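Below: the structure, in structure tokens.
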Amino acid sequence: MPGLNLTGLSRASSRRPSARRRKAGAREGGVVLPVRALVALCVACMVFVLLAVLAVLLWVVSLSWRHQQLATTLAHSNAAAAAAAAGAGSGLSAGAAVGDGGGGGRAMDKEMNPADPMHHHAAPPASPPPPTKSVRRRRKAKPTDLINQQRWQQFYRNIVLIVNYKRPQQMAVTLDLLHSLYGAFFQRILAVSEHGDADLGVMESPVKETGQGHDLPPGSLHYSVLPKLLTWHPMAEGFLWMDDDTVLNYWSMSRDNKSRIWFLGPMHKSWRVASLDPRAGWRGGWGGEGGGGGERGEEAAVKYMEDASERIEESGEALQLLKQAVAQALSHLPPAHLQQYQQSIAPKSNIFLRAASDIFYIPQRHAPAMRVLVPIFADHRIVADVAIPMMLHALEHPREWDGHALTDVIYLTGTDVNTPAKFYSPRVTAMHPWGLSAHHHGSHIIKAMSQGDPLLESTIDGERVGNL
Numbered sequence: 501m502p503g504l505n506l507t508g509l510s511r512a513s514s515r516r517p518s519a520r521r522r523k524a525g526a527r528e529g530g531v532v533l534p535v536r537a538l539v540a541l542c543v544a545c546m547v548f549v550l551l552a553v554l555a556v557l558l559w560v561v562s563l564s565w566r567h568q569q570l571a572t573t574l575a576h577s578n579a580a581a582a583a584a585a586a587g588a589g590s591g592l593s594a595g596a597a598v599g600d601g602g603g604g605g606r607a608m609d610k611e612m613n614p615a616d617p618m619h620h621h622a623a624p625p626a627s628p629p630p631p632t633k634s635v636r637r638r639r640k641a642k643p644t645d646l647i648n649q650q651r652w653q654q655f656y657r658n659i660v661l662i663v664n665y666k667r668p669q670q671m672a673v674t675l676d677l678l679h680s681l682y683g684a685f686f687q688r689i690l691a692v693s694e695h696g697d698a699d700l701g702v703m704e705s706p707v708k709e710t711g712q713g714h715d716l717p718p719g720s721l722h723y724s725v726l727p728k729l730l731t732w733h734p735m736a737e738g739f740l741w742m743d744d745d746t747v748l749n750y751w752s753m754s755r756d757n758k759s760r761i762w763f764l765g766p767m768h769k770s771w772r773v774a775s776l777d778p779r780a781g782w783r784g785g786w787g788g789e790g791g792g793g794g795e796r797g798e799e800a801a802v803k804y805m806e807d808a809s810e811r812i813e814e815s816g817e818a819l820q821l822l823k824q825a826v827a828q829a830l831s832h833l834p835p836a837h838l839q840q841y842q843q844s845i846a847p848k849s850n851i852f853l854r855a856a857s858d859i860f861y862i863p864q865r866h867a868p869a870m871r872v873l874v875p876i877f878a879d880h881r882i883v884a885d886v887a888i889p890m891m892l893h894a895l896e897h898p899r900e901w902d903g904h905a906l907t908d909v910i911y912l913t914g915t916d917v918n919t920p921a922k923f924y925s926p927r928v929t930a931m932h933p934w935g936l937s938a939h940h941h942g943s944h945i946i947k948a949m950s951q952g953d954p955l956l957e958s959t960i961d962g963e964r965v966g967n968l
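Next up, the structure:
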């Protein structure tokens, strides 16, 4: 045909693949692409498996290292306990110097009086104990026990434990037991008493319970030392206060919130409420007599005030003096804390409360305020069972406290205090009264607490346990 460019048409045809070649290419591409994706997927899986194996190996090595570290710590503790027991002899009692460092060294040994009835049970045996005695007391540590030990150490290591000695005569013979029970977890253990002892590292309370018109129960004003302790330890996470006749189950508190206040809840049977009215006395229990009920603290207080006329009774001179002191202390509170106290207790009621304060916890964020509040209540000689709950309510509302902490403390009364081991449970937070002030109960306390911490008894030399 005229004008037809056959050369250009031939070139275009040569660049266009035939239908057969296009089908072959499609089949080829359909096979090659899935194979490449499959290879990439296999490589990714292999990398993931290798990383997982490496992570498991690292975890096993880390766990083994932790177990080895804890085992070394336990071995050192056993060696130190055995050396202390061997050096003490039958006529000596090792007094522990407690303070910064938790695991610090022992203070100078104090000679015991063999004629003291308190030590009759500690007389040396007629024949030396069999060499396997301490071995039989110990069992092989399980990995879970060691892991728990490390977890408790991490939780408590930056908390200051303050032990209030209501009975100063017990300090020399129980400080070693105090260190053995809690020194592995608390790096700082401080002891306070009305009668300090520099050799034992016991601080003296600046406010005395005797004098100024009337005497107060022992240990009632020991909280007056708190401002000094709070100032000395500005980097601590918090301060755990407990009386010397209290057993602390530290494993039950290792999940509590360290940034909040720990205190007995308003439903505890130890709580009492009273009006500043001179005619009114104590009312037992916030939720009813002896506790119980379902009312919140402030609601129970308001209800009490509404029908207080039915409960008015004559009160003793001590209660009248206490009411006067409370009224004066409230008048000296800073406005912000007074307002917080009124909101926490009862906005429409002029009342105060009393609660067992054998154990409580103050987080570091409240330390500055406590340094202001404590002198106000201590200067007016207000006993701890009234001053502590009032100060805590002046810090913040109870709903801001840790609602789980210290909700299951056992308080023994009546004849039950004679057989505390019968009522002990490792599932509760603490138990009172049963503790360091009862020296002859030392071995029973260790055995009881070993239900919650199986390694506790193995860290205390068997001969010492037998002599407690």
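Going by the working numbering, the first residue of the sequence shown is number 501, and it counts up by one from there. Virtual Cβ for every residue (Gly too), placed ideally from N, Cα, C. On a predicted model such as this, the values are computed, not experimentally measured, just so you know.
Rank the options by C-alpha distance to the C-alpha of residue i and give the top, closest one.
i    : options                : result
R755 : V909, M949, H904, A948 : H904
F877 : Q951, L748, L833       : L833
W901 : P889, Y911, L912       : P889
D697 : A818, M671, Y841, I910 : M671
K758 : R854, A884, Y656       : Y656
I969 : M546, D908, V547, L892 : The shown model of the chain, from 501 to 968, leaves out residue 969, and the question about it has no answer.
P926 : M753, P718, V543       : M753
Q820 : F852, D699, Q650, A836 : F852
H679 : R667, L700, Q839       : L700
S950 : D645, L551, V547       : D645
K922 : E817, A948, V707       : A948
D715 : E817, I689, L551       : E817
L822 : S720, F548, V535       : S720
Is the CB-CB distance between residue i and residue j below 7 Å?
i    : j    : result
F685 : Q653 : yes
D745 : P954 : no
Y861 : G738 : yes
L912 : L764 : no
M742 : I859 : yes
Q985 : H897 : With the chain covering 501 to 968 only, the question about residue 985 has no answer from this structure.
L957 : I946 : Contrary to the premise, residue 957 reads as Glu rather than Leu in this sequence. Yes, the pair counts as a contact, with Cβ atoms nearer than the cut-off.
L677 : G952 : no
H722 : S705 : yes
V673 : M703 : no
R854 : V886 : yes
Apply the 10 Å Cβ neighbour rule to residue i and answer buried if 16 or more other Cβ atoms are within range, or exposed otherwise.
i     : result
E694  : buried
K642  : exposed
V663  : buried
G1006 : Absent from the model: residue 1006. The displayed extent of the chain is 501 to 968, so no value can be given.
N918  : exposed
K728  : exposed
Q842  : buried
A588  : Any reading at A588 is ruled out, since the residue's pLDDT is 40, under 50, leaving its predicted position unreliable.
G683  : buried
P920  : buried
Q687  : buried
H620  : Only weak support exists for where H620 lies, its pLDDT of 37 falling under 50; the value from the coordinates is given anyway. Looking at its Cβ environment, which holds fewer than 16 other Cβ atoms inside 10 Å, H620 is exposed.
V539  : exposed
V556  : exposed
L554  : exposed
L675  : buried
W707  : The question names Trp, but residue 707 in the sequence shown is Val. Classification of V707: buried, given that the 10 Å Cβ count is 16 or more.
V543  : exposed
Thinking residue i and residue j are a contact (beta carbons under 8 Å), I'd like their distance in whole angstroms, please.
i    : j    : result
Q864 : A736 : 6 Å
L730 : R899 : Contact flag wrong, Cβ pair sits at about 24 Å.
L740 : L661 : 5 Å
A894 : L748 : A894 to L748, Cβ: 26 Å. No contact.
S970 : A884 : This structure cannot speak to residue 970, because the chain is shown only from 501 to 968.
W559 : N648 : Contact flag wrong, Cβ pair sits at about 18 Å.
I882 : V928 : Not a contact, Cβ separation roughly 29 Å.
A867 : H837 : The pair is not a contact, with the Cβ atoms about 14 Å apart (cut-off 8 Å).
R667 : P718 : 7 Å
Have a look at the DSSP bridge pairing and note the partners of residue i.
i    : result
R993 : The structure shown does not extend to residue 993, since the chain is modelled only from 501 through 968, so no value can be given for it.
D743 : N664
D697 : V702
W762 : Y861
G738 : I659, P863
Y911 : H932
When every heavy atom of the ligand GTP is checked, does at least one fall within less than 6 Å of the C-beta of residue i?
i    : result
S724 : The ligand GTP is absent from the structure shown, which contains no ligands of any kind.
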